[in-house]
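Residue numbers (my numbering): 4 to 105. Heads up, the thing below is written out as structure tokens.
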């Protein structure tokens with residue numbers, strides 16, 4: 004994870020990819036990520052994916068920030084909020100990035 008964030012500070016930390024990469028159990032990895040959020044090193048971001056597969060339509064800190072319907076920035080159509088189109092991921096905070104570049 005450190006090498007990923009050192010190369011690209013805006014990289015999104017995907018727990019599914021990390022589980023395979025570092026070969027940790029999903030539960031343990033999520034506990035570590037939650038701890039890093041609590042310590043201020045990672046921030047949770049929620050991504051609303053275009054249901055037509057065109058990419059991320061909107062991003063927020065919490066799902067409550069989304070309206071029920073959006074005009075998709077990727078395909079131009081209107082989409083209703085659906086749990087199936089949401090992904091929660093982690094991004095590095097400025098605190099973590101400054102620690103990495105010491």
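Where a beta carbon is used, it is the ideal one built from N, C-alpha and C, also for glycine.
Per-residue burial, residue i [other beta carbons within 10 Å of its own, 16 or more giving buried]
| i | result |
| --- | --- |
| residue 61 | buried |
| residue 92 | buried |
| residue 31 | exposed |
| residue 82 | buried |
| residue 95 | buried |
Cβ of residue i within 7 Å of any chain B Cβ
| i | result |
| --- | --- |
| residue 66 | Although the question refers to chain B, the structure presented lacks it and comprises just one protein chain. |
Other residues of its chain near residue i: CB distance less than 8 Å, five sequence neighbours each side excluded
| i | result |
| --- | --- |
| residue 64 | 46, 47, 48 and 49 |
Span of the beta strand (DSSP E), counted from its first residue to its last, around residue i
| i | result |
| --- | --- |
| residue 28 | No beta strand (DSSP E) holds residue 28; DSSP gives it neither H nor E. |
| residue 98 | Unbroken run through residue 98 is the alpha helix (DSSP H), 97-103; no beta strand (DSSP E). |
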